[in-house]
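Reviewing the structure listed below.
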Amino acid sequence: MIRPTRVPSLLLVPLLALLPFGCGGGGGGDYDPSTQGGTGAPVDVPAGPGELPGQPTPPAPGGSTPPGTTTSQPRVPRNATPPIGLTWKIGYTENAPLSTLQIIYGKVLSLNSALWNATEGQVYIYEVVITDNVGPGTTTSGWTLNSSTITTTDLDILVWPKSSWDLSGVAGFVIWSSPPQFGRTGLIMALPSDASTNTWLHEAGHLIWDLSWSVSFGLEDEYLDGVQDISCVMESTNTPWRFCSAANHTHQTSQPRACWAQILLDYANFTHTDQDKASTSPWTTKVTYNDSP
Ligand SMILES: [Zn+2]
Ligand SMILES: [Zn+2]
């Protein structure tokens, strides 16, 4: 993720090339600015355990009722009462057949299951809208140098074909701008099309939690000061699929307290029992495809 220092939007484009905005992915794919474009950590991200095959499972039968409440927003409102279902708007950069968008939906379903369990049945993805052709011909590095090449004002997530994802050592990232230039909320989560559930869940940790601590807008990268805390998906090892708690967090200089400790400070209606597992099956995320010809 980009460092949480507020930067004027005019400065954003050059800063994007300089600031450490990468985020840990599976297989040591965390970002190290000293190795950007060089011989850094491996780019390829192994599929995590539980990764779905390319074909999504069928949607839930019509008429089923989502648990709790839903929001049209991509982040969890601080006053939310769980369970709460989020809405994500995803843009795929290239014009692609429906089958490609269906594979992205399969990734979302896998993420949704991981998130439902990691939040002990309190947060899920209610609905996704997947639109293709939002930035044809754009590479990820090209976009970070000139973000005006893709209009993201109605998006929360950008997905590039693997062949266009050219950031060495970066498995995925979330960037932030103020005033909002990226996405619907000033945040964009960026992933290659082959990103693992590890990476999806790690980046979701940055995106969905609206946290008040000074270190970040959401959960922080725990690998910023080295790898100490294998309890947390926000570490670069990305397993297990849980956010660390006061019971299992190893101190990080990059953040004042464990992930759940901060979440519970900001979300008064949420709970955490350290089970890191939901007692029910996840809602099957609804999907709408905007598939250009
Ligand atoms: Zn990260
Ligand atoms: Zn953590």
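Quick note on the numbering used here: the sequence shown kicks off at 12 and runs consecutively.
No residue lacks a Cβ here, since even glycine has one placed at the ideal position from N, Cα and C.
Remember, it's a predicted structure, so these values are computed and weren't measured experimentally.
Short check: CB of Y103 to CB of V170, under 7 angstroms? yes
Below 5 angstroms from a heavy atom of ligand 2 - residues by beta-carbon: C243, M245, C255 and C270
Where do the N-terminal and C-terminal ends of the alpha helix (DSSP H) with I274 fall, by residue? C270 to D277
For H217 versus L202, is the C-beta spacing smaller than 7 angstroms? no
Along the chain, where does the beta strand (DSSP E) containing Y137 start, and where does it finish? V134 to T142
Under the three-state DSSP convention, the category I219 falls into: helix
Hey, would you say the C-beta of D285 is under 6 angstroms away from at least one heavy atom of ligand 1? no
Thinking just about the alpha-carbon of each residue, which of S207, W211, S110 and P77 is nearest to the one in M200? Residue W211 holds the alpha-carbon nearest to the alpha-carbon of M200 among S207, W211, S110 and P77.
Pull up the CB-CB distance for L178 and V134, whole angstroms please, since I reckon it's below 8 angstroms. The pair is not a contact, with the Cβ atoms about 28 angstroms apart (cut-off 8 angstroms).
Please report the Cβ distance between S265 and V226, rounded to the nearest whole angstrom; I am assuming they are in contact, meaning their Cβ atoms lie under 8 angstroms. Confirmed, about 7 angstroms.
Nearest candidate by alpha-carbon position, reference N123, set T111, E138, S110 and Q113: E138
My understanding is that T160 touches T149, with C-beta atoms under 8 angstroms, so please give their C-beta distance in whole angstroms. 5 angstroms
Report the option in P77, T76 and W99 whose CA atom is closest to the CA atom of V87. W99
In terms of DSSP beta bridges, what is F228 paired with? Per DSSP, none; premise fails for F228.
Quick one, are the C-beta atoms of I141 and Y300 less than 7 angstroms apart? yes
Could you tell me the alpha carbon to alpha carbon distance between W220 and I274, rounded to whole angstroms? 7 angstroms
Just to confirm, is the Cβ distance from W294 to P77 under 7 angstroms? yes
Could you check which residue in D167, S247, S242 and T248 has the C-alpha nearest to that of F258? The question names Phe, yet the displayed sequence has Ala at residue 258. With distances taken between Cα atoms, A258 lies closest to S242.
What separation, rounded to the nearest whole angstrom, lies between the Cα atoms of Y278 and S303? 39 angstroms
Flag this pair as yes or no: are the beta carbons of G194 and D232 separated by less than 7 angstroms? no
What is the DSSP secondary structure of K288, reduced to helix, strand or coil? coil
G180 versus S247 - alpha carbon distance: 12 angstroms
Report the residue from E105, A91 and I136 whose alpha carbon sits nearest the alpha carbon of V298. When C-alpha distances from V298 are compared across E105, A91 and I136, the shortest belongs to I136.
Can you pull the DSSP bridge partners for K297? E138
Give, in chain order, every unbroken run of the beta strand (DSSP E) that is at least 3 residues long and sits entirely within the region 129 to 215. 134 to 142, 168 to 171, 183 to 187 and 198 to 203
Is it the case that the Cβ atoms of A309 and D287 are separated by a distance below 7 angstroms? Given that the chain is displayed from residue 12 to residue 304, the structure contains no residue 309 and the question cannot be resolved.
Which of the three DSSP states is assigned to W266 in this structure? The sequence shown places Gln at residue 266, rather than the Trp named in the question. Reduced to three states, the DSSP call for Q266 is strand.
Could you check if D240 belongs to the surroundings of ligand 1, using beta carbon to heavy atom distance under 6 angstroms? no
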